[in-house]
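K.L.:
Here it is, the structure, as structure tokens.
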Amino acid sequence: MSDVFSWRDAPPADYAVIGDPVAHSRSPRMHQAAYAALGLPYRYVAVHVPRGEVPEALDRLAALGYRGANVTVPHKEDALRWSEIREPYAEQARSANTIRFADRACRSTDGPGFMATIAGLPKDQGDVLMLGAGGSARALAISLVSAGIRLRIYNRTRARAEALASSLFGLATLVEEPDPAGAFLILNTTSASLTGEDLPIAWSRAEPFATAYDLSYGHEAPFLRRAAEASLATLDGLPLLVEQGALSFEWWTGQGAPRAAMRQAIQ
Ligand code: NDP
């Protein structure tokens, strides 16, 4: 675990991840490993920002000369609002996970990072069954339907899934049950794994070529355990963490990110 600073006591540094909580974040280790691999003199720190204090905190980091910041839960929407130059995808997702202070610009690298992690899957053999309708679900759903991938959405609270599906211009279907039949990807964007809760999936109906993908990482959760028991391929959130971080790094520095070093630092 890395040192965590309150935003009012943020030290002089170059990059930060802001969140609440933020102590668990592996981003400082990952980015610091990237700088070491390329001989860059930067420092990346974790900065705790309570809800409602994002504008002041980002102003403070800008004044201290920070070059950029990653943004994690629950601040991605506030970070978007703070920014003056917004990438259209971030605007549509109502989510910014990467800030560049020089021009107060923002991006979301979650969607493109996620699409890179599923590049090798058999997209022509089925659709995506997505569980959850929160902030990450929205960002990933936009990327999936933009790539022409058929999407079914299931959420515990139906109204939230309805709102998400209707914002996708009819390009996604709302479902009452998370039935994995016909899906090449069973995507868990819920926070159920954080609390070790199970999800009502009939794993025996999954296609043999399907991959079960959980956005969370570092948890021994039922979702991936049951998928593995059903002999499915599994993916956790670490490859996405690396890829979204690598894309942030590349936007900030203009250099190719040393993904292997970044991955090794957080495993
Ligand atoms: P949100 O709080 O915006 O949404 C949470 C979603 O999970 C809602 O749809 C909610 O349903 C659902 N949910 C929560 N608990 C349960 C449960 N016990 N059973 C069923 N559904 C549940 O969270 P985010 O979208 O921001 O994040 C979701 C997950 O993705 C987190 O685990 C986060 O750590 C992870 N993540 C990982 C990333 C990575 O780089 N690997 C990047 C981004 C996120 P309801 O509407 O009914 O409340």
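The numbering of the sequence shown is the working numbering, which starts it at 39 and goes up by one. The beta-carbon is built from N, C-alpha and C at its ideal position, and this holds for glycine as well.
#1: Should residue 298 go down as buried or exposed, given a rule of 16 or more other Cβ atoms within 10 Å for buried?
#2: Thinking C-alpha only, which one of 173, 100, 165 is nearest residue 312?
#3: In chain order, what residues of the same chain lie with their CB nearer than 7 Å to the CB of residue 137, ignoring the 5 residues before and after it?
#4: Starting from residue 247 and walking both ways along the alpha helix (DSSP H), at which residues does that stretch end?
#5: Mapping the DSSP letters down to three states, classify residue 291 as helix, strand or coil.
#6: Answer with buried or exposed for residue 204, where buried requires no fewer than 16 other C-beta atoms within 10 angstroms of its C-beta.
#7: Could you tell me the boundaries of the beta strand (DSSP E) in which residue 157 lies?
#8: Taking 7 Å as the cut-off, is the beta-carbon of residue 234 closer than that to any non-hydrogen atom of the ligand NDP?
#9: Taking the beta carbon of residue 41 as the centre, do at least 16 other beta carbons fall within 10 Å, making it buried, or is it exposed?
#10: Tell me whether residue 163, by its Cβ, gets closer than 7 Å to a heavy atom of the ligand MG.
#11: Quick check: what's the CA-CA separation for residue 258 versus residue 251?
#12: Taking all protein chains shown into account, do 16 or more other C-beta atoms lie within 10 angstroms of the C-beta of residue 123, making it buried, or fewer, making it exposed?
#13: Give the DSSP-derived three-state secondary structure of residue 47 in the structure shown.
#14: Could you please give the first and the last residue of the uninterrupted alpha helix (DSSP H) stretch that includes residue 165?
#15: Quick check: the Cα distance between residue 189 and residue 167, rounded to an integer number of angstroms?
#16: Specify the secondary structure class of residue 252 as computed by DSSP and reduced to three states.
#17: Which residue marks the beginning of the beta strand (DSSP E) containing residue 113, and which one marks its end?
#18: List, from N- to C-terminal side, the beta strand (DSSP E) runs of 3 residues or more that fit wholly inside the region 177-262.
P.N.:
A quick look at the data gives this:
#1: Under this definition residue 298 is an exposed residue.
#2: Given a span of 39 to 305 for the chain in the structure shown, any question on residue 312 remains unanswerable.
#3: Excluding sequence neighbours, residue 137 sits near 96, 106, 107, 109, 117, 121, 144.
#4: Counting along the chain, residue 247 falls outside any alpha helix (DSSP H), and DSSP gives it neither H nor E.
#5: Here residue 291 sits in helix by DSSP.
#6: Label assigned to residue 204: exposed.
#7: Boundaries cannot be given for residue 157, as no beta strand (DSSP E) includes it and DSSP labels it neither H nor E.
#8: Flag unset: Cβ of residue 234 not near the ligand NDP.
#9: By the 10 Å Cβ count, residue 41 comes out exposed.
#10: This structure does not include the ligand MG; its bound ligands are the ligand NDP.
#11: Distance between the alpha carbons of residue 258 and residue 251: 14 Å.
#12: Looking at its Cβ environment, which holds fewer than 16 other Cβ atoms inside 10 Å, residue 123 is exposed.
#13: Three-state DSSP puts residue 47 in a helix.
#14: Premise fails: residue 165 lies in the beta strand (DSSP E), 165-169, not in any alpha helix (DSSP H).
#15: Near 6 Å, if we compare the C-alpha coordinates of residue 167 and residue 189.
#16: The three-state secondary structure of residue 252, taken from DSSP, is strand.
#17: Annotation for residue 113: no beta strand (DSSP E) segment contains it, and DSSP assigns it neither H nor E.
#18: Within the region 177-262, the beta strand (DSSP E) runs of at least 3 residues that lie entirely inside it are, in chain order, 189-192, 210-212, 221-226, 249-252.
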